[in-house]
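Contents: one structure, followed by commentary.
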Amino acid sequence: MPQTMTQAFSRNFLGKAPNWYKLAIIAFLIINPILVVTVGKFIAGWILIAEFIFTLAMALKCYPLPAGGLLAIEAVILGMTSPRTVYDEALINFPVILLLIFMVAGIYFMKDFLQYTFTRILTRVQSKIAISLLFCFAGAFLSAFLDALTVTAVIIAVAYGFYNVYHRYASGKTMNCSHDLCSDLAVKEHERNDLRQFRAFLRNLMMHGAVGTALGGVCTLVGEPQNLLIGEVMGWHFVPFFLNVAHVSMPVLAVGLLTCVLVEKFHIFGYGAQMPGNIRSHLLETAIEMESKRGLQGKAQLVVQALIGVWLILALAFHLAEVGIIGLSVIVLLTALNGFTDEHQLGPAFEEALPFTALLVVFFAIVGVIHEQHLFAPVMHLVLSLEGQVQLAAYYVANGLLSMISDNVFVATVYISETKIHFVNLLASVPGVTDAPALMDRLTDPLVERADVIASLPAAMQDQVSKLMTHFDHLAVAINTGTNIPSVATPNGQAAFLFLLTSALAPVIRLSYGRMVVLALPYTITMSITGLAATYFFSW
797 MPQTMTQAFS
807 RNFLGKAPNW
817 YKLAIIAFLI
827 INPILVVTVG
837 KFIAGWILIA
847 EFIFTLAMAL
857 KCYPLPAGGL
867 LAIEAVILGM
877 TSPRTVYDEA
887 LINFPVILLL
897 IFMVAGIYFM
907 KDFLQYTFTR
917 ILTRVQSKIA
927 ISLLFCFAGA
937 FLSAFLDALT
947 VTAVIIAVAY
957 GFYNVYHRYA
967 SGKTMNCSHD
977 LCSDLAVKEH
987 ERNDLRQFRA
997 FLRNLMMHGA
1007 VGTALGGVCT
1017 LVGEPQNLLI
1027 GEVMGWHFVP
1037 FFLNVAHVSM
1047 PVLAVGLLTC
1057 VLVEKFHIFG
1067 YGAQMPGNIR
1077 SHLLETAIEM
1087 ESKRGLQGKA
1097 QLVVQALIGV
1107 WLILALAFHL
1117 AEVGIIGLSV
1127 IVLLTALNGF
1137 TDEHQLGPAF
1147 EEALPFTALL
1157 VVFFAIVGVI
1167 HEQHLFAPVM
1177 HLVLSLEGQV
1187 QLAAYYVANG
1197 LLSMISDNVF
1207 VATVYISETK
1217 IHFVNLLASV
1227 PGVTDAPALM
1237 DRLTDPLVER
1247 ADVIASLPAA
1257 MQDQVSKLMT
1267 HFDHLAVAIN
1277 TGTNIPSVAT
1287 PNGQAAFLFL
1297 LTSALAPVIR
1307 LSYGRMVVLA
1317 LPYTITMSIT
1327 GLAATYFFSW
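Here's what the structure looks like:
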């Protein structure tokens, strides 16, 4: 049927997104200028935040970059922020951009070693509880040093590979012919029940692994992108960051691992599915065959990847360079020593992180609107008017609730930047402080001991400044843990969860949005409550 040019433009706009979504974005773009003129930039700015959160919540319908980017561009055109502000925000957070570009790409070249590790866990360990615990712990440990997205991608690749092998076997297909993994029409009747059980088994493992990335991600500077944002603001390197958040992250880690054991033991919330014995035997044979084909050259590559992994951990622990630069060194060493010398071999390594990197800069545009229009001032005044542990708990809960419905990087970026501005103002109110921003820069300089800076101040102000900065530290931890822990509730909050839900594996193992929320529920309850209790009781 012939179509007009208008219809062609309409179909191209936001691609395959539903028509109602396209109409919603168009409505936002039309309404925003009217709101700026009629009710002012402050209220229009709050409406803009709601619209942007909507694009994040609807990430499964349309990746947030195109729609959210249109809203950000319009905000700049309407004068709600400026191109210079967006640039300055990106410049301040340049280490995070380096992390996303180079560290994620560097870990891409370690995938074989990571895949080898998870494959051995899946095929050699008999107990379902032990496998689940190992997947969860391995996800946590690796995400504490590597990128959670890449760790999730590796777990997905292992599960997808084994599912592909068994589904073809159950359908009477060879590995060389084309095959639809989503269709069970060709599956032999006596294999169907085993296949359903295997799907449930893989759903369990995927969720344990994904939650593991959140458990490890909260602990360290490089675990999640927002951690580096917070670390940059506070002047915390790898070890100081770990020590500052440990009083919350370690109890949460212990409770998360205990939850993993309990849901498997008592078969609740959809957990407890077992891998049928005949499938385990078939997968073990396949794994042995794959290992035999690896050869000496393949084994040498695994050794190199393991050694570079040790280098990565040591370089991060001793902060030998900025995180992104360490990631670049990983790329150079792995490509040189393992023979990745063609451009087409290098390109795919950067594909995973660049869309999210672009989206992060769009976040900065929205953050610019929040800063310039002082949108969070009433909320910040309300929360900061509270005192002691109640204030910390309020920070944790506010960040947690927002992170459940939107992206935790966005929430953390807004809260840490607004909190810093508030504490700069508090420093300015201390008698004798003449340049509060400069003093804050010195107090959060990672190359200078804070105690030395405070000791260099006049004696009359030392105690007040020390108490203010200790309080700032506690609030930063509440922001970090609040955005990292409760956000496991939905795929919207955790990038690794969203990556799993939108992967090629999700439809074949029947992992839907609703099923993912149910599987995450026990973790959400136990980890969030533990994090809140630790924030309330252990921060003073």
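First residue of the sequence shown: 797, per our numbering; consecutive thereafter.
The beta-carbon is built from N, C-alpha and C at its ideal position, and this holds for glycine as well.
Open item on the list: Going by beta-carbon coordinates alone, are phenylalanine 905 and phenylalanine 1219 separated by less than 8 Å?
Closed with: Here residue 905 refers to the residue found at position 109 when the sequence shown is read from its first residue. Here residue 1219 refers to the residue found at position 423 when the sequence shown is read from its first residue. No.
Open item on the list: According to DSSP, simplified to helix, strand and coil, what is glutamate 1245?
Closed with: Mapped onto the sequence shown, residue 1245 falls at position 449. Coil at glutamate 1245, not helix or strand.
Open item on the list: On the CB-based measure, 16 or more other CB atoms within 10 Å of its CB, does threonine 1286 come out buried or exposed?
Closed with: As a working mapping, residue 1286 is identified with position 490 in the sequence shown. It counts as buried.
Task: Residues near phenylalanine 1268 in its chain [Cβ-Cβ closer than 6 Å; skip 5 each side] - done: Here residue 1268 refers to the residue found at position 472 when the sequence shown is read from its first residue. Close CB contacts of phenylalanine 1268 within its chain, under the 6 Å cut and outside five residues either way in sequence, are with Phe1219 (chain order).
- [ ] Express the C-alpha separation of alanine 846 and glutamate 1183 in angstroms, rounding to a whole number.
- [x] In the sequence shown, counting from the first residue as 1, residue 1183 sits at position 387. In the sequence shown, counting from the first residue as 1, residue 846 sits at position 50. Cα to Cα, glutamate 1183 sits roughly 29 Å from alanine 846.
- [ ] Evaluate contact between the segment 1187-1194 and the segment 1220-1240, counting only Cβ atoms and requiring at least three cross-stretch pairs below 8 Å.
- [x] A contact is defined here as three or more CB-CB pairs under 8 Å, and the segment 1187-1194 fails this definition with respect to the segment 1220-1240.
- [ ] Quick one: grab the DSSP three-state call for aspartate 908.
- [x] Your numbering for residue 908 matches position 112 in the sequence shown. Helix, per DSSP.
- [ ] Spell out a yes or no on whether the segment 1247-1255 and the segment 1061-1076 are touching, meaning 3 or more CB-CB pairs, one atom from each, closer than 8 Å.
- [x] By the Cβ rule, the segment 1247-1255 does not count as touching the segment 1061-1076, because fewer than three pairs are nearer than 8 Å.
Open item on the list: Helix, strand or coil, according to DSSP, for lysine 1095 in the structure here?
Closed with: Locating residue 1095 in the sequence shown gives position 299, counting from the first residue. Reduced to three states, the DSSP call for lysine 1095 is helix.
Open item on the list: Do leucine 1098 and phenylalanine 850 have their beta-carbon atoms positioned less than 8 Å apart in this structure?
Closed with: Counting from 1 along the sequence shown, the entry for residue 850 is found at position 54. Counting from 1 along the sequence shown, the entry for residue 1098 is found at position 302. No, the Cβ-Cβ distance between phenylalanine 850 and leucine 1098 is not below 8 Å.
TODO: Report the three-state DSSP secondary structure of lysine 837 (helix, strand or coil).
DONE: By one-based count along the sequence shown, residue 837 stands at place 41. Reduced to three states, the DSSP call for lysine 837 is helix.
Open item on the list: Quick check: what's the CA-CA separation for phenylalanine 1206 versus methionine 1002?
Closed with: To locate residue 1206, count along the sequence shown from 1; it is residue 410. To locate residue 1002, count along the sequence shown from 1; it is residue 206. Spanning the alpha carbons of phenylalanine 1206 and methionine 1002 requires a straight line of approximately 25 Å.
Task: Residue closest to histidine 1004, alpha-carbon to alpha-carbon, out of His1033, Ala1292, Phe1333 and Pro1303 - done: As a position in the sequence shown, residue 1004 is number 208, starting the count at 1. Ala1292 is the residue among His1033, Ala1292, Phe1333 and Pro1303 whose C-alpha sits nearest the C-alpha of histidine 1004.
Task: cysteine 1015 (DSSP reduced to helix, strand or coil) - done: As a working mapping, residue 1015 is identified with position 219 in the sequence shown. Under the three-state reduction of DSSP, cysteine 1015 is assigned to coil, being neither helix nor strand.
Open item on the list: Assuming glycine 1278 and serine 1199 are in contact, meaning their beta carbons sit under 8 Å apart, how far apart are those beta carbons, in whole angstroms?
Closed with: Reading the sequence shown from its first residue, position 482 is the one you call residue 1278. Reading the sequence shown from its first residue, position 403 is the one you call residue 1199. Sure, about 7 Å apart at Cβ, within 8 Å.
Task: Which of helix, strand or coil DSSP assigns to valine 1226 - done: Position 430 of the sequence shown, counted from the first residue, corresponds to residue 1226. In the displayed model, valine 1226 falls within coil according to three-state DSSP, outside both helix and strand.
Task: Coil, strand or helix - asparagine 889 by DSSP - done: To locate residue 889, count along the sequence shown from 1; it is residue 93. Three-state DSSP puts asparagine 889 in coil, outside helix and strand.
Task: Outcome for valine 1314 when other beta-carbon atoms lying within 10 angstroms are tallied against a minimum of 16 - done: The sequence position of residue 1314 within the sequence shown is 518, counting from 1. Classification of valine 1314: exposed, given that the 10 Å Cβ count is below 16.
- [ ] Would you list, in sequence order, the uninterrupted beta strand (DSSP E) runs of no fewer than 3 residues that lie entirely inside the segment 814-878?
- [x] Whole beta strand (DSSP E) segments, 3+ residues: zero.
Task: lysine 924 versus Val882, Val1057, Ala1232 and Gly875, residue with shortest Cα-Cα distance - done: Your numbering for residue 924 matches position 128 in the sequence shown. Put simply, of Val882, Val1057, Ala1232 and Gly875 the residue whose alpha carbon is nearest the alpha carbon of lysine 924 is Val1057.
Open item on the list: At 4 residues or longer, what runs of the alpha helix (DSSP H) sit wholly inside the segment 1012-1063?
Closed with: If you keep only unbroken alpha helix (DSSP H) runs of at least 4 residues inside the segment 1012-1063, you get 1021-1030 and 1034-1061.
Task: Contacting residues, own chain, Cβ-Cβ under 8 Å from isoleucine 843 (five flanking each side not counted) - done: Looking up residue 843 in the sequence shown gives position 47. The residues are Ile827, Asn828 and Leu831.
TODO: Below 7 Å CB to CB, which residues in the same chain sit around alanine 1161 once its five sequence neighbours on both sides are set aside?
DONE: By one-based count along the sequence shown, residue 1161 stands at place 365. If the five residues before and after alanine 1161 are omitted, its C-beta is found closer than 7 Å to the C-beta atoms of Ala868, Ala871, Val872, Thr877 and Val882, all from its own chain and listed in chain order.
Task: Option in Arg880, Lys812 and Phe941 with minimal Cα separation from alanine 855 - done: By 1-based counting over the sequence shown, the position of residue 855 is 59. Considering only alpha carbons, the answer is Lys812.
Task: Residue interval of the alpha helix (DSSP H) (run including tyrosine 1067) - done: By one-based count along the sequence shown, residue 1067 stands at place 271. First-last for tyrosine 1067: undefined, no H or E at that position.
Open item on the list: In this structure, how does DSSP classify asparagine 1288 when only helix, strand and coil are distinguished?
Closed with: Sequence index remark: in the sequence shown, residue 1288 carries index 492 (1-based). It is coil, neither helix nor strand.
Open item on the list: If you follow the alpha helix (DSSP H) that arginine 1311 is in, where does it begin and where does it stop?
Closed with: Taking the first residue of the sequence shown as 1, we reach residue 1311 at position 515. Per DSSP, the unbroken alpha helix (DSSP H) holding arginine 1311 starts and ends at 1309-1333.
TODO: Count the other CB atoms, across all protein chains shown, that sit within 10 Å of the CB of glutamine 1022; report buried if there are 16 or more and exposed otherwise.
DONE: Taking the sequence shown and counting its residues from 1, the one referred to as residue 1022 is at position 226. By the C-beta density criterion, glutamine 1022 is buried, having at least 16 other C-beta atoms within 10 angstroms.
Task: Cβ contact (3+ pairs, closer than 8 Å) linking the segment 1086-1093 and the segment 917-934 - done: Verdict: no, contact absent.
Task: Unbroken alpha helix (DSSP H) run spanning methionine 1176, endpoints - done: As a first step, residue 1176 is located in the sequence shown; it is residue number 380 there, counting from the start. 1173-1180 is the span of the alpha helix (DSSP H), which, as asked, contains methionine 1176.
Task: Straight-line gap, glycine 1012 to glycine 1019 (C-alpha atoms, nearest Å) - done: For the purposes of this step, residue 1012 is taken as residue 216 along the sequence shown, with counting starting at 1. For the purposes of this step, residue 1019 is taken as residue 223 along the sequence shown, with counting starting at 1. Whole-angstrom Cα-Cα distance: 7 Å.
- [ ] Could you say which of Glu1139, Tyr1332, Leu1307 and Met1312 lies nearest to arginine 995 if we only look at CA atoms?
- [x] Translated into the one-based positions of the sequence shown, residue 995 becomes position 199. Scanning Glu1139, Tyr1332, Leu1307 and Met1312 for the CA closest to the CA of arginine 995 turns up Leu1307.
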